[in-house]
Structure formats: structure tokens, C-alpha cells
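Engineer: Each protein sequence line maps, in turn, to chains A and B.
Counting in the working numbering, the final residue of the first sequence is number 498, and the numbers go up one at a time with none missing.
Counting in the working numbering, the final residue of the second sequence is number 358, and the numbers go up one at a time with none missing.
Pasting a structure below so you can have a look.
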Amino acid sequence: MDATNPAPAVKMLGISKRFGRVRANDSIDFTVSRGTLHAIIGENGSGKSTLMRILYGSLRPDRGRIEIDGQRVSFHSPKDAIGLGVGMASQQPSIIPELSCIENLLLGAGGPFLLQRDAAIAKASADAKRLGFEFEWTRSAGESGPAGMQKLEILRQLWRGARLLILDEPTVLLSPLDTEALFRNLKSYVEEGNTVILVTHRLRDVVDFCTHATVLRGGKKVSDLIVSETSLDQMSSLIVGETAAPASATVGSPGDALLSLKDFHALQEDGRIAATVEQLTVRSGEIVGIAGVDGNGQRPFLESLLGVRRHKGSLVLAGTDIGRWSVRERIAGGVTLIPEVVQTEGLVLDWPLLDNALIGNQWRKEFRRSGLIDRRSKIGYAGRMAARMRAKVRSVEEPAQNLSGGNQQRFAVGRALEMKPRVCLGLQPTRGLDVSGAATFYEEVASLCGEGACAILVSNELDELLERCHRVLVMFAGRLLEVPESKSKDRHAIGRMMVGLDP
Amino acid sequence: MIRVTLAIAAALGVLAALLALAGVPLRDVAVSFVEGTTGWIPDRGEFVGWQPVSEVLRRATPLLLTGLAVQIALQAGSFNIGAEGQLRVGGLVAAWACLSLGLTGPLGIVVATILGAAAGLLWAAPAAWIRAFRGGHEVISTIMLNYVAVFATEFVVSGPMQERPGGEPTTAVIPEAASLSAITFGGGFVLYPALLVGIGLAILARLWLNRTPPGFEHRLVGANPSAAAYAGVKTKWVSLRALLLSGAVAGVAGALHLLGQERRYSIGFSPGYGFDSLGVALLAGGHPLGVLPAALLFAAIEQGAVRAQVAIGLPKEISFVIQGLLLLLVAYVRWRRRSTL
Ligand SMILES: Nc1ncnc2c1ncn2[C@@H]1O[C@H](COP(=O)(O)OP(=O)(O)O)[C@@H](O)[C@H]1O
Ligand SMILES: [Mg+2]
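Dropping the structure here:
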């Protein structure tokens, strides 16, 4: 790409792509000027990823033409796209967790660094700095967690010399701090004459950082917007096709103590303490939010409540000490956990949805008929799961990988809700969901709680927690902290606690 | 299914090209394969009897049972390369049960088979335990146990259980009353009861895997161990159980091969069924019942190659080439399907 070329960086004309009966993209025209940060927004399943995969050469369009810098192109694979400086960090990163961070960058990149690790690390650190990231290069990528792998995936595009960078929902896995840093640095990246296409449903990021936005709905392009001339309201109504209904606040007030923890420590494999809760009582009907920067112990805490991780201390559910119960017994007793990354921890992507419906439910009698698992009850259950979260599912026979990323999330979340838990635990349960999906989730949780359940939800979205939970706690450096009554709704004060500035 | 058929067709195409390059008359090869496996002689339009078909079924029997064993482990994400060793100890223990315990009759056959299964299970146990609780890879440990099995059984049949001191390294032949004899029908069709056991076990395995909670957990551990852990599955125990079950089925394969076909344990007891079974299980893909056509195909290829050697002097080792091509192409189409987004 040549910075003086007056042609637009990307021009896609009349792009159509069908999957079976679904028109994922329907004659979409899409233009991006060089040196801009251009957002693509739309609901889960509106065709954003499909359009970007076509631009990146990993999908072939049924119809339409693509021009890069005024040159007509026809990509047969991402390799062709990479050759023209197009890079895409996809929604499901292709990082290999067993390899070290630096090896993941070198992999498939060729170049002179194959044997010179130190030189490679020096260059990689410089590239990472451009994005505001830091890595421990020689540790395995898996150790850096989902967020680390996502950052690595983005960095890999720069490493390969991308001048048009496509980011498909990059912030879904990133913490707010990383997101901030990334966007600030992307601004200077585009000022150097590069171009960024950002697929997102976080409208705040669009307003704060992007110059242009394109709205998709149901596979069609609805509108091209200049961000400075539009508003959050206008964008969200274009996305859903009508003015979004105002979110209803949490209802009901909590009852008796349901879950009580005392001197509770979640442990690591080697027996060291990963998270500590001195005292916590969650009452029936109560939704407790846990705010905090990723990696401060939220995950080990919820995992030890489910029992996939050991703990010390007392854990009492409705008067019974469940500390010694196995995971299976706790699930049967009404504890359920929405995992952090449903694609890798909650679903089997190449299994049909109806088998995915059985995961975690495999011992429930309602699925069996004369002792054997019965197909019809799986079908019924899978349908109800999807309906709960309004996941767009054509047939419960199709594999989970046919759903868009957001619909996979909806489906997995729907399964947890359909289990009718007494204790609903969520690790970033609304990650990857659009505004209406998140709203549906909280309404469903509220209605479970109305029937006597309780919920403990971990999220990076502080506003969402403040709006939807009865109270918000903060997890910092492995400790669960109460927010003083006077500051319980104070965004700023909670933000300071999250980074350890206030006690 | 269509893709696998295409892969098989492509394998045949490549094979034809190779044979043609080597100057082998293709038509004669094809004719001898058809004659050797179906008993139908295309040139004369004549059916010579059921013997070739029976022979294919006989060859398919140990492949079916060991293929099923490997497949069961595969479903839970483990590679049991040790079927060969488990089959051998299963066979030897069944021989010992008949010769030393004097088991006979239907009950004796059942007991000898169960003892064979137990032997296979125990032979897989170290690998299963190392895999589940020590993190050692089962491929390495099961391969090692194969060597141990081959040499340990060889020692037993050249010493403690040898038929005649100083004679051939083999046990005595088990009595007629202890063996699971083949049934001969009119037209020369011979049925080996062990084949029916294999088919029955494959159906049972399918039912267990697809329709029962423990079977579902077994598959879930193979497909996504983290999701399994969150779903309350004790993944380590399931991995352990998977390799033990696999070993037991391979032990059954050995016992039935002994009771039904070999009737004595010699060092040539298995020409490598345990290794061919890896190919059978891979060809079957993720389907427990897929081992049936896969075992038949492998057996037919071997049988056809034997016939081609007799008829036109083509080395029967050509069967390895065909099986290898087949696996490569099937692996390729399966991999392609995964990788396309
Ligand atoms: N490989 C596929 N097979 C079948 N349907 C698909 C496939 N990929 C996407 N779809 C469908 O196409 C539609 C658009 O998906 P996608 O582009 O991923 O949406 P999103 O805007 O959330 O990124 C969805 O209905 C999805 O289910
Ligand atoms: Mg998407």
C-alpha cells in the first residue's frame, strides 16, 4: 500500500455470501478511506465477521468485487491477503497455547529471525510497545490467559507487516486498561497512514476512538456514518432497527442468606492461595457483581465455588456445608458456572447443539427414558436454552461452530440459565453479547433470583454491574473487598479500588 | 461419508497410476482382487463359492475387535498404540486357562474370554495410570508395553508353557471342546462366532457412548477436557477408564483369536493386528460402528493382495501400499474439512 495513492484503502462492492438458507451478507457495499479507524457495528449474527473474513480471504464471497488501494483483488486464502498488507485478528485467536509467545509470532512468518531469538524478541518488544502491550516472551502463550492470547493475535498482524488491520471484536477478551492502551496506540498507528477496521458492539469505543462507522443488520448494510455527526442513541437505534427499549433496573429485594463463605481461600494446584474471601454472605434473590482488573483472582474464586479448584475454609449453601462436595454434586445441588471463554471451556464446537445442551446436564434424569439418553428431551432442552437467550439457531442438529461468536455465547449462557441454578456464577457472562443480549441475560438472572436463587457475576463492564447488581464488590490482588456504603455507586471510587489505590 | 468415498476412489486412482508406471497389467490386478474377495469370476461370469468371502470375514474379525479397542480410547482422546501387546497377553492367558485350568464348554469359553479381557486390561493399566495421574504420554508407554508383551509371551512359550521342551516356541493346542469352532453352512460359507461378538461389542459401544451418561462423559473428555471439567466430569478417572476399557477389549480380541482361530499361542500368534487396528480405527473416524466397514476393507485388501500374488505374482505387500494410501487420503479430507473456516 502506498500512502500517496488516492484510492480508498478498501472498497467492497455488492458482496453476498450465503450459508445454506442464511444470507450472512446481502449485497454489501463497503468503503474505507486510508488513515481512518473505521468501525463496523451490528447485533450478534448481523454478518460482521463474515464480511471481514471475506476481505481477509478466509471465505470466498458468492458474489461481489473487492478492491484494495484501487486494485481489484481476488484472494484465495489469507496468505494472499497478508501479501498485500491485510491482517486480521480474528474473534477466535489462532494462537497455540503450548508454544511460547515469541514462537507464536515467529510461526509461519518466515523471515530472518527464525534462529535469532534475542533479535526477534527485541523487535517484538518494539512492536508490542506500539500497541501498548507487554509480554513475557519466553513463557508459554497459554499462561498469559485468553486476554494475553488475544493481544498476541493482534500483535502478530503488525509483525507480519499489516498496513490494513482488521480487529474482530478485539476487546471482548481484553481488560478495560488494555483496551484503553490499544485504542490510544491505534490512533497513532493510523496517523502513520495505516488503516484499521474495528468490528465491535461497544458503541462507547466507537464514539471515543473511531472516525467512521458502518452499521450492518440482518446481513445488509443499513448505514454509513461519520462518527462526529452521530450519537450513541442514533447508532443503537440503527443497530436494532428501532429505538432500543430502556433497560429495566433490577427488581426485587434479597431475602435470607443462601451462600455463606468464611475465611475462604481458593487454592492453586500447588496449594498456594489464589484468592481470599474473609467473609461473604449472598442472600436469596441477590445479584452480586464483582469488579476488578482481569487476573486479580476472580477466576480462581468462582472456580473454587464450583469445585473445579480446591479451597480452604467454610462454604455453606442453604445451611449445608458443601465444601467437600464434588463438582457433580454441586451442579446437582444447583451451583452452575458460565465459563470465561465458552468456545473453549463450555462448548464442543464440532458437536451438534443438542449434544452441547447435555454438557453439565449429563446426569439429569429428565434426559433419560428407560435408562438411556433420549434424543427428544435433548432437542426440547436445546430449544429452550436457545430461546432463553434468544440465540439465533436454525436447527439444533447443526454444529455449534456454525453460530456466530455472539450466538455461541448466548447458547452457552442459555444452558446455564435453563439449569435453573440456585447459585448462578458467571465469569464475564455478557462478553461478546450485544446490548440487547446483555439486557436479556440480566433480566433472566433477575427472574431466577426472583424465584429465590442468587448470582455472583464477574465482569469488566463496571457500568453494567452498577446498573444491574444489588451490590458491587471489588477483587484486587486476590482479595475480595467491600466497597464502603457511601461509595457503593461511585464509579470513580470503585475504579480506584480496582487498581489498588484505595483500601 | 461422501468425502471418505471420494478419498477411497482417489486412493485407488493413485494406486492404478503407480501400478501402471511399474508396468503391471491393471486389469489382471482388478480381476484377482474381485475373485479373491467375492468369489465371483468376472471373466467367466461365475460364482465359485463362499470360501473367499468367509476368508475376508475371518481376517476381519481380529481387526474389528482390536480396531474397536483403539477406537474406544480414541473417543476419550487417548491413543492406545498398545493393542498389539494387550491382544497377545489376552491370547496367552486364554490358552493358559484352557490348558491349565481345563476349562471347556460354553462356560469355559466365556471364562477364558473374561480372563483374556482382564489380562488386556491389566496390561494397559500402567499406561492408563501414568497418563491419568503422572501426565506421561500414553503413546510412549503403550509402545513400550508392546515390547514387553512380545518378549514376555515369547519367554513363556519357550519355557514354562512350551509344548515340548526343546521344540517349537508354542503352547500345546487347546482341546476341541475348549475352542470356539467356526460354523460351516451350505455353499461353503464359514462363520466365525468371534465376528458376531465383535459386531455385538461395537453396537454396545455405540449405545454406551451415545446414550448413557458415562459414555457421554467419555466422549466429552475426548472432545474438550476443560468443558468436561466444568461439567463435573472427573477427567482423570475417565482417561484412566478409557485406556483400561480399551485394553480389555483388545484382550477379548486376543482371547477370541486364540479360542476361535489359532488354538495355540505361538510367537506368530499375531501378524500385527494391533498395529493394523490403528489404521482401522483412524479410517473409522469418530464412529464406533465405522470400525466394521473399516475392518472389512482392510481385510479385503489383504485377502485380495494374497490372491493377486498367487494369480499374477504381484507381491502381496502391495496391501500395505493400498492401506497407507487410503489412510493418507482419508486423513487429508478430514483435515481439510476441519481447516476450512
Ligand atoms: N460457517 C458457517 N456456517 C453456517 N452459518 C454461518 C457460518 N458462519 C456464519 N454463519 C451465519 O451467518 C450469520 C452471520 O454470522 P457472523 O458474520 O459471524 O455474525 P457477526 O455479525 O456476529 O460477526 C449468522 O446467522 C451465522 O449463524
Ligand atoms: Mg462475529
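No residue lacks a Cβ here, since even glycine has one placed at the ideal position from N, Cα and C.
Here the structure is a predicted model, which is why all the values come from computation and not from measurement.
Mapping the DSSP letters down to three states, classify residue 186 of chain B as helix, strand or coil.
Structural biologist: Correct three-state label for residue 186 of chain B: coil.
Engineer: Excluding the 5 residues flanking residue 86 of chain B on each side, which residues of the same chain have their C-beta closer than 6 angstroms to its C-beta?
Structural biologist: 100, 263, 266 and 267
Engineer: Report back the beta-carbon spacing between residue 320 of chain B and residue 76 of chain B to the nearest angstrom; my notes put them in contact at under 8 angstroms.
Structural biologist: 6 angstroms
Engineer: Please report the residue range of the beta strand (DSSP E) in which residue 7 of chain A lies.
Structural biologist: Counting along the chain, the beta strand (DSSP E) containing residue 7 of chain A begins and ends at 5 to 14.
Engineer: With a CB to CB cut of under 8 angstroms and the five nearest residues on each side skipped, what residues in its chain are close to residue 100 of chain A?
Structural biologist: 115, 119, 147, 150, 151 and 154
Engineer: Would a C-beta distance cut-off of 8 angstroms place residue 407 of chain A and residue 376 of chain A closer than the cut-off?
Structural biologist: no
Engineer: Is residue 190 of chain A closer than 8 angstroms to residue 158 of chain A when the C-beta atoms are compared?
Structural biologist: yes
Engineer: Which complete alpha helix (DSSP H) runs does the region 110 to 158 of chain A hold, if anything under 4 residues is left out?
Structural biologist: Counting only runs that start and end inside the region 110 to 158 of chain A, the alpha helix (DSSP H) elements of at least 4 residues fall at 112 to 126 and 140 to 154.
Engineer: Using DSSP with H/G/I as helix, E/B as strand and the rest coil, what is residue 347 of chain A?
Structural biologist: strand
Engineer: Do residue 208 of chain A and residue 168 of chain A have their C-beta atoms closer together than 8 angstroms?
Structural biologist: In this structure, residue 168 of chain A does not lie closer than 8 angstroms to residue 208 of chain A by Cβ.
Engineer: Run through the DSSP bridge pairs and tell me what residue 88 of chain B is partnered with.
Structural biologist: Partner(s): none; residue 88 of chain B has no beta bridge.
Engineer: Using three-state DSSP, classify residue 268 of chain B as helix, strand or coil.
Structural biologist: helix
Engineer: Report yes if the C-beta distance between residue 300 of chain B and residue 138 of chain B is below 8 angstroms; otherwise report no.
Structural biologist: For residue 300 of chain B and residue 138 of chain B, no; Cβs fall outside 8 angstroms.
Engineer: Going along the chain, which residues put their C-beta within less than 7 angstroms of some heavy atom in ligand 2?
Structural biologist: This criterion selects A:43, A:44, A:86, A:163, A:164, A:194, A:399, A:400 and A:401.
Engineer: For a cutoff of 8 angstroms on Cβ pairs, would you count residue 323 of chain A as touching chain B?
Structural biologist: Closer than 8 angstroms to some Cβ of chain B, the Cβ of residue 323 of chain A qualifies, so yes.
Engineer: Which stretch, first to last residue, makes up the beta strand (DSSP E) that contains residue 389 of chain A?
Structural biologist: Run containing residue 389 of chain A: none; DSSP gives neither H nor E here.
Engineer: Taking 7 angstroms as the cut-off, is the C-beta of residue 14 of chain A nearer than that to any heavy atom in ligand 1?
Structural biologist: Because some heavy atom of ligand 1 lies under 7 angstroms away, the Cβ of residue 14 of chain A counts as near it: yes.
Engineer: Among the residues of its own chain, which have a CB less than 8 angstroms from the CB of residue 416 of chain A, if the five just before and after it don't count?
Structural biologist: 329, 330, 331, 443 and 448
Engineer: Suppose you measure from the CA of residue 62 of chain A to the CA of residue 48 of chain A; what does that come to, to the nearest Å?
Structural biologist: 15 angstroms
Engineer: Would you kindly work out how many angstroms separate the C-alpha atoms of residue 200 of chain B and residue 278 of chain B, rounded to a whole number?
Structural biologist: 12 angstroms
Engineer: For a cutoff of 8 angstroms on Cβ pairs, would you count residue 94 of chain A as touching chain B?
Structural biologist: No, residue 94 of chain A does not count as interfacial toward chain B.
Engineer: For residue 228 of chain B and chain C, any beta-carbon pair shorter than 8 angstroms?
Structural biologist: Among the protein chains in the structure shown, which are A and B, there is no chain C.
Engineer: Comparing the C-beta of residue 272 of chain A with each C-beta of chain B, is any distance below 8 angstroms?
Structural biologist: No, no contact with chain B.
Engineer: Any contact of the region 363 to 374 of chain A with the region 425 to 437 of chain A, i.e. 3+ C-beta pairs under 8 angstroms?
Structural biologist: no
Engineer: State whether the region 34 to 50 of chain A contacts the region 75 to 90 of chain A, with contact taken as three or more CB pairs (one from each stretch) at a distance under 8 angstroms.
Structural biologist: Verdict: yes, contact present.
Engineer: In the region 379 to 441 of chain A, which residue ranges form an unbroken alpha helix (DSSP H) of at least 4 residues, counting only runs that do not cross its ends?
Structural biologist: 400 to 413
Engineer: So, helix, strand or coil for residue 87 of chain A, using DSSP?
Structural biologist: coil
Engineer: Identify which residue in A:388, A:39 and A:56 has its Cα closest to the Cα of residue 21 of chain A.
Structural biologist: Comparing Cα positions, the closest option is A:56.
Engineer: Please classify residue 356 of chain B: is it buried, with 16 or more other beta-carbons within 10 angstroms of its beta-carbon, or exposed?
Structural biologist: At residue 356 of chain B, the pLDDT of 44 sits below 50, so the modelled position is not reliable; the number obtained from the coordinates is stated separately. With fewer than 16 other beta carbons inside 10 angstroms of its own, residue 356 of chain B counts as exposed.
Engineer: Of all the options A:123, A:125, A:34 and A:69, which has the alpha carbon lying nearest to the alpha carbon of residue 162 of chain A?
Structural biologist: Looking at the Cα atoms, A:34 is the closest of the given residues.
Engineer: Which same chain residues, not among the five before or five after residue 331 of chain B, have their C-beta less than 7 angstroms away from its C-beta?
Structural biologist: The answer, listed in chain order, is 41, 46 and 325.
Engineer: Is residue 66 of chain A helix, strand or coil by DSSP?
Structural biologist: strand
Engineer: Applying the criterion that 16 or more other CB atoms from any shown protein chain within 10 Å of the CB defines a buried residue, is residue 349 of chain B buried or exposed?
Structural biologist: exposed
Engineer: Measure from the alpha carbon of residue 302 of chain A to the alpha carbon of each residue in A:285, A:281 and A:324, then state which is nearest.
Structural biologist: A:324
Engineer: Relative to chain B, which residues along the region 297 to 313 of chain A have a C-beta separation below 9 angstroms, given in chain order?
Structural biologist: 298, 301, 302 and 303
Engineer: Please go through the same chain and pick out, in chain order, the residues whose beta-carbon is closer than 7 angstroms to the beta-carbon of residue 237 of chain B, but skip the five residues on each side of it.
Structural biologist: Taken in chain order, the residues that qualify are 244, 245, 248 and 250.
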